[in-house]
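These notes concern the structure reproduced below.
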Amino acid sequence: LTVPVAVGPERTIRTGPATDVRAGATETVTFTVTNTGPGPMRDAVVRLNADSPFETDDDTAYVGDLAPGESAEVGFTVSVDGAATPKRYTLDTTVKYDNAFDRRVVTDVESTAIRVTAGGGGVIATILDVLGL
Numbered sequence: 136l137t138v139p140v141a142v143g144p145e146r147t148i149r150t151g152p153a154t155d156v157r158a159g160a161t162e163t164v165t166f167t168v169t170n171t172g173p174g175p176m177r178d179a180v181v182r183l184n185a186d187s188p189f190e191t192d193d194d195t196a197y198v199g200d201l202a203p204g205e206s207a208e209v210g211f212t213v214s215v216d217g218a219a220t221p222k223r224y225t226l227d228t229t230v231k232y233d234n235a236f237d238r239r240v241v242t243d244v245e246s247t248a249i250r251v252t253a254g255g256g257g258v259i260a261t262i263l264d265v266l267g268l
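Residue numbers (the working numbering): 136 to 268.
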């Protein structure tokens with residue numbers, strides 16, 4: 136006996152654009168995470184994957200429960216390389232959560248837009264930074 140079972144799409148999230156950061160700075164980056172699925176996410180944890188020119192020791196943020204369509208703001212402390220080119224980059228995020236069957240599930244990777252702006256300090260600060268002073 137065979138019974139057809141409909142399988143829905145993979146649960147995904149949507150992220151809003153992150154705050155701008157300056158090259159050479161360590162700042163808190165904040166953005167919004169939205170549950171785009173039809174069911175709740177329980178004990179949700181957002182994980183940040185920061186690649187060059189970004190670094191972070193703060194790659195996990197606890198969100199808690201997110202109902203369908205509900206959003207939460209998360210923040211991560213990131214450092215941006217002083218030599219980073221001012222332009223738009225992306226930070227990859229995933230959310231790990233408990234589903235309706237009490238199974239731990241991880242969403243697909245979602246890229247979050249972030250803009251690196253020129254660092255402050257001018258030419259003298261750049262020369263001192265290059266010399267390590």
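Cβ coordinates follow ideal geometry from the N, Cα and C atoms, glycine included.
- Per DSSP, Lys-222 is not a residue of any beta strand (DSSP E), being assigned neither H nor E.
- Shown here, Gly-210 sits in a strand according to DSSP, grouped into three states.
- When secondary structure is reduced to three states using DSSP, Val-230 falls in the strand class.
- For Asp-200, the three-state secondary structure derived from DSSP is strand.
- Judged by DSSP secondary structure, Leu-136 falls outside any beta strand (DSSP E); it is assigned neither H nor E.
- Residue nearest to Val-168 within the set Arg-223, Ala-160, Leu-183, Tyr-224 is Leu-183 (criterion: CA-CA distance).
- If you draw a straight line from the Cα of Ala-207 to the Cα of Asp-186, it comes to about 23 Å.
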